[in-house]
Structures are given as structure tokens and as C-alpha cells.
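Just below is one structure, and these are the notes that go with it.
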Amino acid sequence: MLEDDIMKAVETRKESSRDIARRQKTNPRQEKAKFGERVDGQQEMQVAVSQWEQCVNPLHVALEVSANLLGSMMQDEDAMSSEQDEASNLLLAQAMGQKPFVDRIIDLVLVLGGYRLAPHETASNLRIDVVEVISKALACLSNIAMGETVLAEALGKNGKLGQLWQMLKKSLDVTGATSAMVVFTRSYAVCRAQVVGDDFNFVLHQMLERTPDESVQIDTLSMLASAVTSGIASLDAVVEQMTVALLKLPQTGASAQLVCETLNALIDIYSDDDLYAEIFRRLNVLNHFQNCLGKVSQQSLMSEHTAEILANVEAFIDYKLAN
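So the sequence shown is residues 1 to 323, counted in the UniProt record's numbering.
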């Protein structure tokens with residue numbers, strides 16, 4: 001069979017039979033060498049994955065425990081199993097709320113956030129682990145922020161707030177990033193001051209208009225309202241753009257909860273008659289409120305929170321009509 005192949009090759013190509021035979025005997029050895037390289041590469045990958053898991057799995061557990069302990073600072077006394085447990089957990093949470101721990105958490109988010117933005121394979125286990133670690137670290141920061149500890153000081157050091165904010169804006173983990181940004185803007189004026197200009201454009205288009213997850217949209221509404229009403233000057237153009245985007249939301253088949261949260265955000269923005277009054281009139285925001293109120297009120301099932309917002313909407317409409 002080999003001789004027949006050589007004769008055919010000689011007939012069709014200008015190459016001696018000796019050269020052809022030598023080449024065909026060499027190729028199997030080359031293929032075998034390539035196979036050996038592939039096996040070695042797979043073994044190295046398995047070792048690397050095992051080492052990564054040994055590092056990241058304890059980190060998952062540590063961050064999850066830390067987030068839960070920090071969250072215990074905001075729990076009611078009845079939520080704890082005993083007074084002794086409550087006291088020990090509170091001491092641990094207070095210790096973690098101090099600057100060294102906060103600094104390390106922020107640095108961890110920044111380092112992993114840089115990897116998260118790198119052009120790696122989206123579906124890899126490594127990438128999934130990084131997203132989960134960032135999400136748990138952000139949960140720690142969110143709980144620290146709500147506990148009014150030293151987060152603002154730690155963020156302000158060496159411009160870390162700006163670095164963290166930029167990382168959150170670019171993070172593909174939109175849900176975790178939005179939750180953290182909401183807590184930051186609610187808790188610290190230094191964080192609210194970051195939400196200006198291009199940040200509004202990002203939040204409006206990426207988080208509000210292009211994100212199908214309503215929980216993310218609701219968090220975003222809260223963040224925008226907090227930033228707009230925080231006393232930052234020269235936001236007329238931003239408020240108009242934001243209002244236009246919000247007025248579109250109920251027209252996209254949104255749930256009653258999202259519609260009510262949208263109205264609630266608009267109430268926060270336009271409740272002061274001295275702020276953005278011209279935009280309120282020109283965009284006919286009051287008419288939008290009346291239309292949405294009529295549609296949402298017809299729904300039979302709604303949460304207590306949604307019903308409370310509707311009552312606020314009715315009071316807001318009555319107030320604006322009277323003034």
C-alpha cells in the first residue's frame with residue numbers, strides 16, 4: 001500500500017520516491033509528538049485549575065460569611081439566635097467595618113475587576129468564579145456602606161472611589177454592580193458627586209434601557225433619583241434626558257411595580273417646585289402620571305409597597321393640580 005502511494009505521488013509530483021518515503025515516515029512521528037504536547041498541556045491545565053480552586057473556594061466562603069456578618073449589623077435583635085451570638089457577631093462586623101478590611105475588599109474588587117474586563121472566554125469556569133467573587137465582595141461593601149462606617153474614607157484614599165466607580169460601570173455583572181452603586185449613592189455625598197455627565201448616559205442606556213432585569217432597573221431608578229436630588233448643580237440637561245427615558249418605561253410592557261417605581265423616582269425629582277419646573281411642564285409629566293395611575297389602579301394584585309407608592313402618586317397629582 002505504501003509503495004502504491006509513493007508511485008502515485010511520483011507520477012503526479014516532481015519528487016523522488018526516496019524523498020516521498022522519507023517524508024511519509026517522518027509525519028507519523030511528528031503527529032505523535034504533537035499528541036504528546038496536547039496531553040502535557042491538558043495536564044498542566046488540570047493542575048492550574050486545581051490550584052485555582054484551592055485558592056478561590058475559601059475566598060468564596062470567607063466573603064459570603066463576611067457579607068452575612070456585616071449584614072447582621074442591620075438586623076433586628078429578634079433575628080439573632082441569642083444575645084451571646086448577637087454580641088459576638090456585632091463585634092466581628094464592627095471589626096470588619098474598619099479601614100484595613102475595607103481597603104482589602106476594595107483592592108480585591110479592583111484587581112478582579114481588571115481581569116473581569118479582559119477579553120477572556122465568557123463561559124470559562126474561571127470567569128464565572130471571578131464574577132461571583134466580585135459580587136460577594138460588593139455585597140460586603142454595600143453592607144459596610146449601609147452601616148455608615150469608614151467606606152468613604154477608604155474610597156477617597158488614592159482616588160480609589162474613581163477607580164471603583166469606573167470598574168462598576170464597565171462590569172458585565174450588571175446586577176451586582178448596580179446594587180453596589182445604589183448603596184454608594186444613597187450613603188455618601190462623595191459617591192453621589194461621581195454620578196455626573198457621562199455616568200448618567202451610561203446608567204440610562206446600559207442599566208435602564210438595555211437591561212431586561214426589572215430588579216436592576218428599579219435599583220437604577222433609585223440611584224438616579226438619589227444623585228439628581230443631592231444638590232449637584234447644572235443637571236437640567238441630564239434631568240430632561242432622564243425624564244424622557246423614564247416616561248418610555250411604562251410603554252414597554254413593564255410590570256406594575258416597575259411603573260410605580262418609575263413614578264416614585266419622578267416624584268423625588270419634581271417634588272420641589274423650584275427645581276426643574278420648566279422641564280416638568282414642557283414634557284407634560286403630570287399627564288403621564290395621570291395616565292399611569294389609571295392603568296396601574298386597575299390591576300387587582302399588587303404589593304403593599306406598590307399600593308403605598310400609588311397613594312403617593314395620587315397625592316402628588318392633587319398637589320400639582322392645585323399649584
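Ideal Cβ placement from N, Cα and C applies to all residues, glycine included. In this text the structure is predicted, and so the values were computed from the model without any measurement.
Item: Span of the alpha helix (DSSP H), counted from its first residue to its last, around residue 319; Value: 304-322
Item: Element boundaries [alpha helix (DSSP H), containing residue 290]; Value: 285-297
Item: Residue from 322, 237, 242, 100 whose Cα sits closest to the Cα of residue 217; Value: 242
Item: Proximity test, residue 226 beta-carbon vs the ligand NAP heavy atom, cut-off 8 Å; Value: Although the ligand NAP was asked about, the structure shown includes no ligands whatsoever.
Item: Coarse secondary structure for residue 266, derived from DSSP in three states; Value: helix
Item: Counted within 10 angstroms of its Cβ, other Cβ atoms place residue 136 as buried (16 or more) or exposed; Value: buried
Item: Closest Cα partner of residue 69 within the set 142, 107, 125, 112; Value: 142
Item: Residue-chain proximity (residue 243, chain C), Cβ-Cβ < 9 Å; Value: Given the protein chain composition of this structure (a single chain), no chain C is represented.
Item: Separation of residue 310 from residue 298, as counted between CA atoms; Value: 12 Å
Item: Exposure label - residue 45; buried when at least 16 CB within 10 Å; Value: exposed
Item: Selection from 303, 306, 307, 263 that minimises the alpha carbon distance to residue 317; Value: 263
Item: Coarse secondary structure for residue 110, derived from DSSP in three states; Value: helix
Item: Where residue 128 falls, given that 16 or more other Cβ within 10 Å makes a residue buried; Value: exposed
Item: Supposed contact pair residue 313 and residue 289 - C-beta distance, whole angstroms, cut 8 Å; Value: 6 Å
Item: Contacting residues, own chain, Cβ-Cβ under 7 Å from residue 323 (five flanking each side not counted); Value: 273
Item: Selected residue, minimal CA-CA separation from residue 256, among 225, 294, 283; Value: 294
Item: Simplified DSSP state of residue 275, which is helix, strand or coil; Value: coil
Item: Buried/exposed call for residue 55, threshold 16 Cβ in 10 Å; Value: exposed
Item: Contact check, residue 113 vs residue 144, beta carbons under 9 Å; Value: no
Item: 8 Å contact criterion, which residue 109 and residue 138 should meet: CB distance rounded; Value: 7 Å
Item: Exposure of residue 66, with buried meaning 16 or more beta-carbon neighbours within 10 Å; Value: buried
Item: Contacts around residue 246, its chain only, beta-carbon distance under 7 Å, and the 5 residues preceding and following it disregarded; Value: 262, 265, 266
Item: Residues near residue 132 in its chain [Cβ-Cβ closer than 7 Å; skip 5 each side]; Value: 60
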